[in-house]
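Visitor: Would you mind keeping the following structure in view while I ask a few things?
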Amino acid sequence: MEVLAKENTMKVMMESRNSEPLCIKEVSQNCDHCRAKRLGEVVCSYSNPMICPYFNIDHDEYHRYCLPMVMGGRVGVVFSFIAPRKQWDVRRKQMILIRQYLDESAPVLNSLRLLTLLKQQALKDPLTHCYNRRFLDDFIKQYEPLAKRNDSQVSLLMLDLDYFKLINDEFGHQAGDKILQDVVTIIRAQIRESDLIVRYGGEEFLVILLDIKEISGGMVAEKIRSAIEDYHFQFSDGLIVRKTVSIGVADFPGNTPSMYQAIKFADVALYEAKEAGRNRVVSFEARMWQECDDAMESTWGQRGQGAESAPPLLSTQACSEQLEFLKYKPKKQD
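Going by our numbering, the residue at position 245 of the sequence shown is 265; the numbering climbs one at a time, nothing skipped.
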């Protein structure tokens with residue numbers, strides 16, 4: 021049984037007995053009831069059948085033997101065995117070998133656990149617990165070929181909170197952090213567990229809707245936009261504010277056979293939503309990319325270079341900045 025420290029519960033990972041659980045349900049709900057976990061010592065019913073009142077066995081027929089595995093100074097797993105009384109002499113010798121094996125393997129397993137934890141921390145944003153850009157790169161490399169092979173449809177939603185900088189300027193960064201956390205909670209409530217949320221920038225999030233079939237990404241985006249608009253963000257001092265969000269939507273492979281390109285398209289659609297007045301959902305159209313490309317070529321021409329010498333368009337952010345430069349407007353507000 022694995023000890024879930026944060027929830028203070030225990031979870032059965034593998035059980036060979038299919039009839040009834042080895043421990044009564046109170047143990048799974050509160051792991052402090054488990055004597056082996058609480059003391060970090062072996063618990064055996066051979067000398068005292070009532071040593072643990074949570075054993076769910078017939079003591080006239082069986083002995084119970086619980087081995088805690090201590091990893092990193094705490095019990096991480098409890099191995100529990102049942103042996104018929106008639107076989108106890110043989111089983112007890114086996115338990116000694118099993119205990120030696122667990123004691124020697126515990127440091128190795130703890131190192132692997134720490135490595136897994138560090139990897140998870142490296143791939144997640146510490147504030148919102150969303151995935152980060154580093155995860156996104158690894159995910160696309162693995163998922164894109166699989167999606168093409170299975171003919172899967174994916175929608176990418178680029179979200180940006182409207183005028184978020186005003187929150188930080190007026191109420192402080194702690195208030196801004198609280199809003200970001202609440203926004204992620206709202207988004208999670210509108211999507212499936214299999215969908216992904218990536219913190220793409222400061223107040224910018226990328227939602228990846230995997231294997232879209234019956235509904236469109238635009239419909240989900242509208243649900244998210246409406247939920248955020250209706251939500252009352254409350255700070256610790258009781259102050260309540262309202263926020264809105266702009267969302268750009270692009271489809272893979274509907275708009276492009278490249279997921280990276282689809283993300284850029286979603287960002288272009290997001291810029292269109294900002295330009296159209298914010299607090300809205302805009303789905304990508306091919307003309308948006310052409311207008312962006314034309315704007316870049318025009319800008320390079322104004323700087324005394326021919327269109328043929330312009331560099332390839334790699335950054336949607338750069339495209340947005342060039343569009344704003346041509347319109348003699350300040351850079352879009354956060």
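Just so it is clear, CB atoms sit at the ideal spot from N, CA and C, and this is done for glycine as well.
With burial defined as no fewer than 16 other Cβ atoms inside 10 Å of the residue's Cβ, what is the status of D287: buried or exposed?
Guide: Label assigned to D287: buried.
Visitor: Let me confirm a value: I283 is counted as buried when at least 16 other C-beta atoms fall within 10 Å, else exposed. Which label applies?
Guide: Per the 10 Å Cβ criterion, buried.
Visitor: Under the three-state reduction of DSSP, which class applies to P41: helix, strand or coil?
Guide: Here P41 sits in coil by DSSP.
Visitor: Could you give the DSSP three-state label for E22: helix, strand or coil?
Guide: The answer is strand: DSSP assigns E22 an E or B state.
Visitor: Does DSSP classify H79 as helix, strand or coil?
Guide: Coil.
Visitor: Inspect the beta-carbon positions of V128 and V23 and report whether they are closer than 8 Å.
Guide: No, they are not a contact pair.
Visitor: If you drop the 5 nearest sequence neighbours on each side, which residues of the same chain put their C-beta closer than 6 Å to that of F101?
Guide: Around F101: Y85.
Visitor: Under the assumption that L156 contacts E223 (Cβ atoms under 8 Å), give the Cβ distance between them as a whole number of angstroms.
Guide: Between E223 and L156 the Cβ distance is about 17 Å, and since that is not below 8 Å, they are no contact.
Visitor: Check S175 in the structure and name its three-state DSSP category.
Guide: Strand, per DSSP.
Visitor: Let me confirm a value: M33 is counted as buried when at least 16 other C-beta atoms fall within 10 Å, else exposed. Which label applies?
Guide: So M33 ends up on the exposed side.
Visitor: Going by alpha carbons, who is nearest to H8 out of A103, L200 and M178?
Guide: The structure shown does not extend to residue 8, since the chain spans only 21 to 354, so no value can be given for it.
Visitor: Taking all protein chains shown into account, decide if S256 is buried (16 or more other Cβ within 10 angstroms of its Cβ) or exposed.
Guide: By the 10 Å Cβ count, S256 comes out exposed.
Visitor: With burial defined as no fewer than 16 other Cβ atoms inside 10 Å of the residue's Cβ, what is the status of E81: buried or exposed?
Guide: Exposed, because fewer than 16 other Cβ atoms sit within 10 Å of the Cβ of E81.
Visitor: List the DSSP bridge partners of F155.
Guide: Bridge partners of F155: none, in fact.
Visitor: Could you tell me the alpha carbon to alpha carbon distance between L226 and K294, rounded to whole angstroms?
Guide: Whole-angstrom Cα-Cα distance: 16 Å.
Visitor: Given that a residue counts as buried once 16 or more other Cβ atoms are within 10 Å of its Cβ, and exposed if not, what is A241?
Guide: Under this definition A241 is a buried residue.
Visitor: Judging by CA-CA distance, which residue of C72, Q107 and L177 is the nearest neighbour of D215?
Guide: Nearest of C72, Q107 and L177 to D215, Cα basis: L177.
Visitor: Determine, using beta-carbon pairs with one atom in the segment 242-262 and one in the segment 197-204, whether at least three such pairs fall under 8 Å.
Guide: Short answer: they touch.
Visitor: To the nearest angstrom, how far is it from the Cα of Q296 to the Cα of R94?
Guide: Looking at the sequence itself, residue 296 is Ala, so the reference to Gln does not match. If you take the alpha carbons of A296 and R94, they lie about 56 Å apart.
Visitor: Please list the terminal residues of the continuous alpha helix (DSSP H) segment that includes I206.
Guide: Run containing I206: H193 to Q210, per the alpha helix (DSSP H) assignment.
Visitor: Which residues does DSSP list as the beta-bridge partners of E224?
Guide: DSSP lists D180 as partners of E224.
Visitor: Can you tell which of E61, E213 and K57 has its C-alpha closest to the C-alpha of E28?
Guide: Position check: residue 28 holds Asn in this sequence, whereas Glu was assumed. Closest option to N28, Cα to Cα, is K57.
Visitor: Rank S175, L230, I260 and V90 by C-alpha distance to the C-alpha of R133 and give the top, closest one.
Guide: Ranking S175, L230, I260 and V90 by Cα distance to R133 puts V90 first.
Visitor: DSSP has S303 in a bridge; who is on the other side?
Guide: V269, per the DSSP bridge assignment.
Visitor: Within 10 Å of its beta-carbon, does K161 have 16 or more other beta-carbons around it, so buried, or fewer, so exposed?
Guide: By the neighbour-count rule (16 or more Cβ atoms within 10 Å), K161 is not buried but exposed.
Visitor: Is the beta carbon of Q173 closer than 8 Å to that of D271?
Guide: Yes, they are a contact pair.
Visitor: Quick one: residues in its chain with C-beta nearer than 8 Å to the C-beta of T276, no 5 flanking neighbours on either side, listed in chain order?
Guide: Correct list, in chain order: A270, A282 and F285.
Visitor: Considering K31, what are the terminal residues of the alpha helix (DSSP H) in which it resides?
Guide: Note, K31: premise wrong, no alpha helix (DSSP H); beta strand (DSSP E) at T29 to K31.
Visitor: Using DSSP with H/G/I as helix, E/B as strand and the rest coil, what is F255?
Guide: Coil at F255, not helix or strand.
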